[in-house]
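*Asks:* Take the sequence shown: its position 203, counting from 1, is numbered 203 in UniProt numbering, and each next residue is one higher.
Glycine is no exception: its CB is placed at the ideal position from the N, C-alpha and C atoms.
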Amino acid sequence: MLNFLKQVGDYAKETAQAAKFIGQGLSVTFDHMKRRPVTVQYPYEKLIPSERYRGRIHFEFDKCISCEVCVRVCPINLPVVDWEFNRETKKKTLNHYSIDFGVCIFCGNCVEYCPTNCLSMTEEYELASYDRHNLNYDNVALGRLPYKVTNDPMVTPMREFGYLPKGVMDPHDLPAGTQRAGRLPKDILAELETQKAKEDAKKASVEAAE
Ligand code: SF4
Ligand code: SF4
1 MLNFLKQVGD YAKETAQAAK FIGQGLSVTF DHMKRRPVTV QYPYEKLIPS ERYRGRIHFE
61 FDKCISCEVC VRVCPINLPV VDWEFNRETK KKTLNHYSID FGVCIFCGNC VEYCPTNCLS
121 MTEEYELASY DRHNLNYDNV ALGRLPYKVT NDPMVTPMRE FGYLPKGVMD PHDLPAGTQR
181 AGRLPKDILA ELETQKAKED AKKASVEAAE
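Below, the structure written as structure tokens:
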């Protein structure tokens, strides 16, 4: 009997939880039903990619030491590092480097682990092509920096929806000079540094007192 009551209790608890989750999901749906559609007139208007957007990779040929770490950490061993050993200098000489963006999943592992920081992710997302083989970028194409949305005179840059101030639903309605929702990464870093400096000072005063 006790076991049966426990089962009923568990069932009721799970039902209440399921109802709560369904309610939470539907609240998002109902919230969106109140909003009007927002159309960004691409390519004349473009949203500014977020700071940590993982777009097309940029490569700096002169910094590469041909260590092939990027190949080993890539889930599909994608970067092609073509090097030869120079017997005179006893060092590797890089001949070519390429990444095929038709296959790349933009995970950022190669960028994260490159020991000389010669790889970085840019904000370029316009990689459409009629032939997928055109997406195999060599070191020359990889060395090209993208044109920023904010620098392009032909484009009206718009804030991404996640960065609009509270209550603003449409980037077209954005009053000039308004703060975005959330803080910039540089502000967060500055706050962390201040916090760390305070903690260090506190620790030093405790140590001095002992
Ligand atoms: S990890 Fe960096 S330095 Fe090493 S081969 Fe790749 S791009 Fe070059
Ligand atoms: S971003 Fe990821 S998938 Fe693309 S080359 Fe780098 S490690 Fe490989």
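Does the beta-carbon of Leu-78, which I'm using as the reference point, lie nearer than 7 Å to any heavy atom of ligand 2?
*Replies:* Yes, Cβ of Leu-78 sits closer than 7 Å to a heavy atom of ligand 2.
*Asks:* Going by the C-beta, is Thr-178 closer than 7 Å to any heavy atom of ligand 1?
*Replies:* Thr-178: no, Cβ never under 7 Å from ligand 1.
*Asks:* Return helix, strand or coil for Asp-82, following the three-state DSSP convention.
*Replies:* Strand, per DSSP.
*Asks:* With distance defined between alpha-carbon atoms, name the residue in Arg-54, Asn-86, Arg-87 nearest to Phe-101.
*Replies:* With distances taken between Cα atoms, Phe-101 lies closest to Arg-54.
*Asks:* To test your reading of the DSSP string, which unbroken alpha helix (DSSP H) runs of 4 or more residues are found completely within the segment 34-89?
*Replies:* Runs found: 69-73.
*Asks:* Is there contact between the segment 1-12 and the segment 124-141, where contact requires at least three CB pairs shorter than 8 Å?
*Replies:* No contact exists between the segment 1-12 and the segment 124-141.
*Asks:* Relative to the C-alpha of Gly-167, which candidate in Lys-34, Ile-22, Lys-13 has its C-alpha closest?
*Replies:* Out of Lys-34, Ile-22, Lys-13, Lys-34 has the C-alpha closest to the C-alpha of Gly-167.
*Asks:* Could you tell me whether any non-hydrogen atom of ligand 1 is closer than 7 Å to the CB of residue 218?
*Replies:* The structure shown does not extend to residue 218, since the chain is modelled only from 1 to 210, so the question has no answer here.
*Asks:* Report the option in Pro-43, Ile-22, His-32 whose CA atom is closest to the CA atom of Met-154.
*Replies:* When only C-alpha atoms are compared, the closest one is Pro-43.
*Asks:* Could you give the distance in angstroms between the alpha-carbon of Val-71 and the alpha-carbon of Gly-108?
*Replies:* When rounded, the distance between both Cα atoms is 12 Å.
*Asks:* Given a threshold of 16 other Cβ atoms within 10 Å of its Cβ, counted over all protein chains shown, does Glu-207 qualify as buried or as exposed?
*Replies:* With fewer than 16 other Cβ atoms within 10 Å, it is exposed.
*Asks:* Quick check: is any heavy atom of ligand 2 less than 7 Å from the C-beta of Ile-188?
*Replies:* Outside the cutoff, so no.
*Asks:* Exposed or buried, which one is Val-38 when buried takes at least 16 other CB atoms within 10 Å?
*Replies:* Label assigned to Val-38: exposed.
*Asks:* Between the alpha carbons of Lys-90 and Glu-84, how many angstroms are there, rounded?
*Replies:* Cα to Cα, Lys-90 sits roughly 10 Å from Glu-84.
*Asks:* With a CB to CB cut of under 6 Å and the five nearest residues on each side skipped, what residues in its chain are close to Asn-86?
*Replies:* Thr-93, listed in sequence order.
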